[in-house]
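Residue numbers (this note's numbering), protein chains in the order written: chain A, 1 to 399; chain B, 400 to 747.
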């Protein structure tokens with residue numbers, strides 16, 4: 001039995017960003033960023049909190065000559081850090097193409113401890129979670145790291161180190177190597193590797209090539225090797241288990257056949273040691289017409305073959321600007337599963353939006369969707385979104 | 400409730416809508432600049448004054464939106480106000496966003512001699528773009544150093560670049576999404592990506608603690624490659640098996656468990672439902688259903704429910720002396736000693 005509730009949650013997102021603010025010691029040397037969200041749940045609920053929210057980013061960035069520092073809630077991404085948010089300090093400097101960066105602080109923890117925080121289509125119960133893991137001790141969760149690199153017009157690379165502590169000890173301790181080069185105008189190559197320092201094994205390694213052999217054709221090729229267990233927290237008992245590697249090789253091809261027609265395809269073959277291979281791929285046609293009132297039509301077919309189950313999917317999307325201020329989209333998805341899920345072999349979803357630009361900074365959008373899936377015989381959702389952009393101060397400086 | 404018939408109707412409606420939408424474009428694709436500049440009889444007695452670029456475009460204004468002439472100016476000669484407004488609506492597409500360019504300074508250069516056409520050749524040649532491509536700027540300007548440092552300003556305004564993606568250098572095509580983290584790590588955090596992007600934009604996808612996911616907040620972005628679009632609830636187990644490490648880019652295993660626990664399918668709830676097939680555990684390791692091979696292939700999925708520190712039920716059999724055997728890979732080593740807290744769970 002799944003309990004049902006009538007709910008009209010109201011969400012608010014706030015972003016504030018200031019760049020290139022003059023400081024007494026240097027022009028264009030201060031930047032500020034703030035992002036937060038909040039939610040009010042005005043209807044009665046025995047499970048949902050009446051208010052929820054979080055600060056995502058709140059930091060100030062200062063520059064002085066070749067050096068810079070950022071203080072506050074921020075993120076570090078890429079390389080050994082992969083992706084981490086923290087409350088702390090990040091400093092860096094660059095000179096003659098070389099750069100050096102270091103950071104440290106307390107890891108940002110989810111407000112109520114890893115509540116998934118995302119709704120999934122067709123599952124009202126997703127909003128009715130009752131299980132809450134034990135509260136982590138915030139003082140035990142901290143991180144630090146550094147990155148040194150070199151970049152020029154045609155090559156760039158960095159060596160990075162990241163150490164993240166959790167309750168009990170090391171959560172992640174990685175060394176990352178990321179390099180890229182553009183030896184030709186029409187081709188670039190890159191590679192990355194993540195070494196897990198506790199076990200001294202490579203958690204992942206990737207090599208890719210992007211090329212544009214003709215101005216209307218884009219090609220990409222990629223090889224990936226991953227040891228998923230090494231990406232788990234080092235405080236996970238399962239992270240020390242012997243596991244099989246996962247390898248993937250594939251590529252993308254995009255061809256602009258006509259001024260209004262583009263074909264996008266991609267295909268990847270996956271090898272899991274010990275079981276049969278898997279594969280995934282997609283082929284899509286994109287039609288773009290019109291300039292004053294552009295119309296975009298996209299139809300895509302995708303296929304995923306994975307152990308135990310796979311699926312085929314058909315996705316049709318249409319975007320149309322109806323007038324100077326009114327835009328709309330329509331989408332339809334159909335999924336066809338190789339093996340039945342909860343007794344169903346298909347699911348479908350239909351969604352549409354209508355946007356009205358009330359004025360240059362103010363837009364209202366209404367969206368609705370209906371769906372049928374193995375987890376919900378009928379699902380309907382709707383949302384009204386109002387957006388206001390305070391971009392007045394960022395107009396182009398045309399002289 | 401099955402939606403087969405409505406589904407068929409909707410699929411057909413989508414196809415029809417696409418067909419109608421594709422047929423209904425009626426606005427002019429391009430303003431006839433050459434006609435106005437060179438083909439109108441002018442200057443003679445009884446004829447209108449000859450036009451130049453500045454007759455219609457005020458290059459000294461500070462807002463590019465105002466550089467388009469007002470309808471009233473066109474209506475001095477054209478009586479069809481509806482057509483005038485339709486033509487004015489055909490604003491040129493700015494593939495590189497707004498450019499901060501000093502027109503007065505450029506017009507004074509001897510190479511340009513006060514002419515607009517050397518840069519805006521598209522106004523007389525329909526095969527060329529009305530706005531100069533960046534390669535044309537590079538014909539005169541050397542920006543190698545700025546290029547290397549990814550300093551797009553002061554030519555490109557950050558606010559304008561926000562909706563622009565590079566066409567050649569660091570193209571944001573579909574493959575880029577797969578290795579964008581590494582592309583970011585290759586360069587200084589202060590450079591390149593942050594020329595256009597804020598950290599909040601990264602968190603739109605990566606911060607999974609938000610109440611609404613990005614595909615819910617931005618449903619109008621029909622071309623986005625967001626993995627959770629559509630019926631992800633049903634697909635998620637297939638996707639997780641297909642690319643075992645991908646979920647960990649954003650999610651922790653606790654994130655999986657809190658959802659599974661809510662359904663009673665978790666080792667962390669009392670009297671859990673057992674999702675495993677017969678002979679998953681027991682005395683028949685040769686069974687095709689035995690958990691060993693599945694665990695070796697996708698340990699992350701196991702962790703989704705069974706990661707519970709000292710309460711992890713794998714320990715019971717796989718600890719030192721347990722009949723499950725040594726779980727470590729061959730040649731296993733660790734920087735930690737066996738007296739570390741986590742190691743002691745098995746090495747007591």
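Positions of the beta carbon are idealized from the N, C-alpha and C atoms, including for glycine.
- Buried or exposed for residue 157 of chain A, please, with buried defined as at least 16 other CB atoms from any protein chain shown within 10 angstroms of its CB. buried
Where does residue 267 of chain A sit, in a helix, a strand or coil, going by DSSP? strand
Compile a chain-ordered list of the residues in the stretch 702-713 of chain B whose CB is closer than 9 Å to at least one CB of chain A. 702, 705, 706, 707, 708, 709, 711, 713
_Using 9 Å as the threshold, is the C-beta distance between residue 329 of chain A and residue 318 of chain A below it?_
yes
**Study point:** Range covered by the alpha helix (DSSP H) that runs through residue 533 of chain B
**Key:** 533-537
* How close, in whole Å, do the beta carbons of residue 148 of chain A and residue 159 of chain A come, if the pair is a contact with beta carbons under 8 Å? -> 6 Å
- Item | Members of the stretch 203-223 of chain A near chain B, C-beta cut-off 8 Å | 204, 206, 208, 210, 212, 218, 220, 222
- Going by DSSP, which residues form a beta bridge with residue 312 of chain A? Looking at the DSSP output, residue 312 of chain A shares a beta bridge with A/303, A/336.
Straight-line gap, residue 515 of chain B to residue 436 of chain B (C-alpha atoms, nearest Å) = Looking at the two C-alpha atoms, the distance is approximately 12 Å.
request  = For the alpha helix (DSSP H) holding residue 703 of chain B, just list the boundary residues, first then last.
outcome  = Counting along the chain, the alpha helix (DSSP H) containing residue 703 of chain B begins and ends at 698-705.
Open item on the list: Looking only at its chain, what residues have a beta carbon closer than 6 Å to the beta carbon of residue 11 of chain A, apart from the 5 residues adjacent to it on each side?
Closed with: 39
Exercise. For residue 88 of chain A, count neighbouring Cβ atoms within 10 angstroms of its own Cβ and tell me buried if that reaches 16, exposed if not.
Key: buried
**Q.** 9 Å Cβ cutoff, residue 303 of chain A in contact with chain B
**A.** no
| Can you tell which of A/334, A/177, A/167 has its C-alpha closest to the C-alpha of residue 137 of chain A? | Out of A/334, A/177, A/167, the CA that lies nearest to the CA of residue 137 of chain A is found in A/167.
Next item on the list: On the DSSP bridge assignment, give the partners of residue 21 of chain A in chain order.
Entry: A/30
Quick one: complete beta strand (DSSP E) runs, 3+ long, within the stretch 62-92 of chain A?
-> 67-77
Considering only the beta carbon of each residue, do residue 208 of chain A and residue 189 of chain A sit closer than 9 Å? Yes, they are a contact pair.
Other residues of its chain near residue 181 of chain A: CB distance less than 8 Å, five sequence neighbours each side excluded:
154, 155, 156, 188, 189, 190
Check: Are residue 228 of chain A and residue 643 of chain B closer than 9 Å when you measure CB to CB?
Finding: yes
Per-residue contacts from residue 17 of chain A into chain B (C-beta, under 7 Å): 597
**Prompt:** For a contact meaning CB atoms closer than 7 Å, what does residue 347 of chain A contact in chain B?
**Reply:** For residue 347 of chain A, the chain B residues whose C-beta falls within less than 7 Å of its own C-beta are 630, 633, listed in chain order.
- [ ] Tell me whether the beta-carbon of residue 297 of chain A lies closer than 9 Å to the beta-carbon of residue 306 of chain A.
- [x] No, Cβ-Cβ distance for residue 297 of chain A and residue 306 of chain A is not below 9 Å.
* Asked: Quick one: what does DSSP say residue 167 of chain A is sitting in, helix, strand or coil?
  -> The answer is coil: DSSP assigns residue 167 of chain A none of H, G, I, E or B.
(message) Counting C-beta neighbours from all protein chains within 10 Å, is the total for residue 480 of chain B 16 or more, i.e. buried, or is it exposed?
(response) exposed
Notebook entry, point to check: Taking Cβ-Cβ distances shorter than 7 Å, what residues in chain A pair up with residue 637 of chain B?
Noted result: 304, 306, 309, 310, 311
| said: Could you give the first and the last residue of the continuous alpha helix (DSSP H) run that contains residue 741 of chain B? | reply: 740-743
Between the beta-carbon of residue 57 of chain A and the beta-carbon of residue 597 of chain B, is there less than 9 Å?
yes
Subject >> Neighbourhood of residue 699 of chain B by C-beta, 6 Å cutoff - its chain only, sequence neighbours within 5 removed >> reply: 643
- request: Please list the partners that residue 467 of chain B has in chain A, where partner means a Cβ-to-Cβ separation under 9 Å.
  value: Residues of chain A passing the Cβ test: none, with the nearest at roughly 13 Å.
What is the DSSP secondary structure of residue 439 of chain B, reduced to helix, strand or coil? coil
Helix, strand or coil: which one does DSSP assign to residue 240 of chain A?
helix
Exposed or buried, which one is residue 474 of chain B when buried takes at least 16 other CB atoms within 10 Å? exposed
Query - contact_flag[the stretch 685-699 of chain B, the stretch 210-223 of chain A] where n(CB pairs < 8 Å) is 3 or more - result: no
- Message: Any beta carbon from chain A within less than 9 Å of residue 744 of chain B's own beta carbon?
- Response: yes
Exercise. Compile a chain-ordered list of the residues in the stretch 240-274 of chain A whose CB is closer than 7 Å to at least one CB of chain B.
Key: Of all residues in the stretch 240-274 of chain A, 240, 241, 242, 243, 244, 246, 252, 254, 264, 266, 270, 272, 274 have a Cβ within less than 7 Å of some Cβ in chain B.
Residue 296 of chain A (DSSP reduced to helix, strand or coil)
It is a strand residue.
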